[in-house]
Structure formats: structure tokens, C-alpha cells
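Since the structure comes first, as C-alpha cells, the remarks are kept for the end.
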Amino acid sequence: MPPSSYFLSPCLVAQKVRESFTFDFETPMRKPCCDKQGTNKGAWSKQEDQKLIDYIRIHGEGCWRSLPKAAGLHRCGKSCRLRWINYLRPDIKRGNFAQDEEDLIIKLHALLGNRWSLIAGRLPGRTDNEVKNYWNSHIKRKLMKMGIDPNNHKLNQYPHHVGPLNPTTTNSMDVACKLRVCSTDNDDGVSDAASYLEDETPPTGISNLDLDLTIAFPSSPIKNIIEESQQKTASIVTNDEEEQYTVPTLLLFR
DNA sequence: AATACGGCCAACCGCCAGGAG
DNA sequence: TCTCCTGGCGGTTGGCCGTAT
Numbered sequence: 159m160p161p162s163s164y165f166l167s168p169c170l171v172a173q174k175v176r177e178s179f180t181f182d183f184e185t186p187m188r189k190p191c192c193d194k195q196g197t198n199k200g201a202w203s204k205q206e207d208q209k210l211i212d213y214i215r216i217h218g219e220g221c222w223r224s225l226p227k228a229a230g231l232h233r234c235g236k237s238c239r240l241r242w243i244n245y246l247r248p249d250i251k252r253g254n255f256a257q258d259e260e261d262l263i264i265k266l267h268a269l270l271g272n273r274w275s276l277i278a279g280r281l282p283g284r285t286d287n288e289v290k291n292y293w294n295s296h297i298k299r300k301l302m303k304m305g306i307d308p309n310n311h312k313l314n315q316y317p318h319h320v321g322p323l324n325p326t327t328t329n330s331m332d333v334a335c336k337l338r339v340c341s342t343d344n345d346d347g348v349s350d351a352a353s354y355l356e357d358e359t360p361p362t363g364i365s366n367l368d369l370d371l372t373i374a375f376p377s378s379p380i381k382n383i384i385e386e387s388q389q390k391t392a393s394i395v396t397n398d399e400e401e402q403y404t405v406p407t408l409l410l411f412r
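Counting from 159, one number per residue, gives the positions in the first sequence under the working numbering.
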């Protein structure tokens, strides 16, 4: 199957024409971010790492395009940036994710979707790439096993190992409800979705949730996004004839 | 011991947004 | 206002490694 870039929308064609007068449909759509000839690809060697570290230690981050030449690296600027951000930065936390980190990722993903950089921004020392990989390799599977659709955080009708749920119960478990389940104050945090599934008893009073909708975010951009997300969720929920309840709020940060 | 398979993760690719000129 | 350049982002790939057969 040809890459999707072979199917060009009119505006992309226009862009392509601007970019290159030698455009034809056999060549890749875009100019590479840098001159690929003479640049290394693949895994970084220790020497390359050291050069990058040394350079950034002296000159600081930024000017990624000119950095490789200045640092004596045969890499493209993007590659240098990625290597630094995802691996070489001194404040990077390596190793397994703690349970609370995992819980936080799930909660944030429920609110933000695949905005990995924003999610990673809430996890000190973690990179977006790391969070994304962890989500795809661990959490996604875990949620699926629990019968939760990792894309929308809703319960599937027939979870893999728990057995079929009462359809009415399942329908009532929309995003907001699950967020409530996930945001209970006990130590298990999000994992409580599992315990909820296991006892097959929906939390009583779902239709009458009385929860305070406040989220404490230290930085404003993410706050705006969360607020947006909440408004959307609220409108969805209140449009549901059967589910007229107040949208609960995650108290993510205290 | 050899091969197949699956998971993990670093790295790449291409698109997009924003700033500069 | 338009165009170009750059950095940032999310999706995807490919290689390595451990485990199963």
C-alpha cells in the first residue's frame, strides 16, 4: 500500500508546488527536514551522545538546525533534538513507572486524549515518547483486559475476562462516571475501575452524583484544555436523556 | 540449539502551528 | 498579508531481546 502522502489534497498539491518545481507523484511529498546525505541514522554512539551533551552544556538548547554542524555531528537537527529531549537530558527519570504515575497517565489521557506532551508535562522527568510508549505497551492492554476501551475510556459491553455486564449498567458508565470511579480517594486510584468491574455492582447513585468539579492545575495552558474537555464532556452527558447528572470532576492535583 | 513470536523502546517521518521577515 | 523557516508533536517503524515452541 502506498504511503498516505501519495493521495494529495488540492491544498497539499499547492504546497508541494511551492516547495518544489520538480514535483512528481513518484517522489516523496515533502522535502526532508535536512540534507539526508552524509547524515547518520539509527542508534546513537557514545561519542555522538557526548558531543551533543558537551555542546548543549556550553551553548544551551535551541537552534537545532545549526547545532549538528556546530557540534560536529553528522545528524539532522531534529534527530539531535529528539535524542536530547528523550534520552540525554539530565533531568530524565529512567526506569519503571510507579503506580501513581500510571494512574495519573490514565486520568490525564481520559481528559486530554493522545496529547502526550501535555500528559508528560505533568509527570516530572518523563518524556512524551516514554509516556506514549508506556501507554501503548502497558496501559492500553491493561485497560482492554479490564474491559475498558482505551480510546474513549468507556466500558466495552463484554470485557475480556470479567464476563458480560448488564447492558444497562454498561450504558450508564460513560466517561464522566468512570472518571468518578477512577478518582475515588482511596490509594488504588484509577485501578478502582477494575474493582468496580469485579464486583459487578455499579456505584450507587450514579444518576445522582454530587461531586465538586474542580481541577487544580499549576499551569494555565493545560488548565484551559482540561476546561474545554470538561465542557465537551458535560454537554455530551447532559444531552443523554437517561443520564442527567452533574459531571464529576477529577481532583487531580492537590 | 534453532527458529518463531511478541513486547519494548529508541528513532524516524510527516504534519502543523507560530514566529520572523 | 503572505511566505518561509523552525520547532514541536503524534504516529509509526524497525531493531533488539526475552520467551515459547
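Yeah, the Cβ is synthetic: ideal placement off N, Cα and C, and Gly gets one too.
Where residue 281 falls: helix, strand or coil (DSSP): Of the three classes helix, strand and coil, the one that applies to residue 281 here is coil, per DSSP.
Any contact of the stretch 254-274 with the stretch 229-236, i.e. 3+ C-beta pairs under 8 Å? no
Within 8 Å, do at least three Cβ pairs link the stretch 287-307 to the stretch 262-273? yes
Which same chain residues end up closer than 7 Å to residue 243 when comparing Cβ atoms and leaving out the 5 residues on each side of it in sequence? If you ignore the 5 residues before and after residue 243, its C-beta comes within less than 7 Å of the C-beta of 285, all in its own chain and listed in chain order.
Candidates 203, 225, 297: which alpha carbon is nearest residue 213's? 225
Opposite residue 313 in the DSSP bridges: which residues? 306
Do residue 241 and residue 202 have their beta-carbon atoms positioned less than 8 Å apart in this structure? yes
Would you mind working out which of 250, 249, 223 sits nearest residue 237, comparing C-alpha positions? 223
Nearest-angstrom Cβ-Cβ length linking residue 283 and residue 251, presumed shorter than 8 Å: About 3 Å separates the CB atoms of residue 283 and residue 251; that is less than 8 Å, so the two are in contact.
Give the secondary structure of residue 235 by DSSP, where H, G and I count as helix, E and B as strand, and everything else as coil. helix
Could you tell me which of 299, 263, 206 sits nearest to residue 245, measuring between CA atoms? Of the listed residues, the one whose Cα sits closest to residue 245 is 206.
Out of 235, 215, 263, point me to the one whose CA is closest to residue 301's CA. 263
Residue burial classification, residue 280 (beta-carbon count within 10 angstroms, cutoff 16): buried
I need the straight-line Cα distance from residue 254 to residue 296, nearest angstrom please. 11 Å
Using the C-alpha atoms, what's the distance from residue 249 back to residue 220? 17 Å
Starting from residue 212 and walking both ways along the alpha helix (DSSP H), at which residues does that stretch end? 204-217
Just to confirm the assignment, what range does the alpha helix (DSSP H) spanning residue 268 have? 257-270
If we count the other Cβ atoms within 10 Å of its Cβ and call it buried at 16 or more, is residue 311 buried or exposed? Burial call: buried.
Backbone CA spacing between residue 293 and residue 305 [nearest angstrom]: 16 Å
In the DSSP assignment, the alpha helix (DSSP H) including residue 198 goes from what residue to what residue? From DSSP, residue 198 is part of no alpha helix (DSSP H); its letter is neither H nor E.
Report the three-state DSSP secondary structure of residue 294 (helix, strand or coil). helix
Give every residue of the same chain whose Cβ lies closer than 7 Å to the Cβ of residue 274, excluding the five residues on either side of it in the sequence, and list them in chain order. 286, 289, 290
Could you have a look at residue 225 and say whether DSSP puts it in helix, strand or coil? helix
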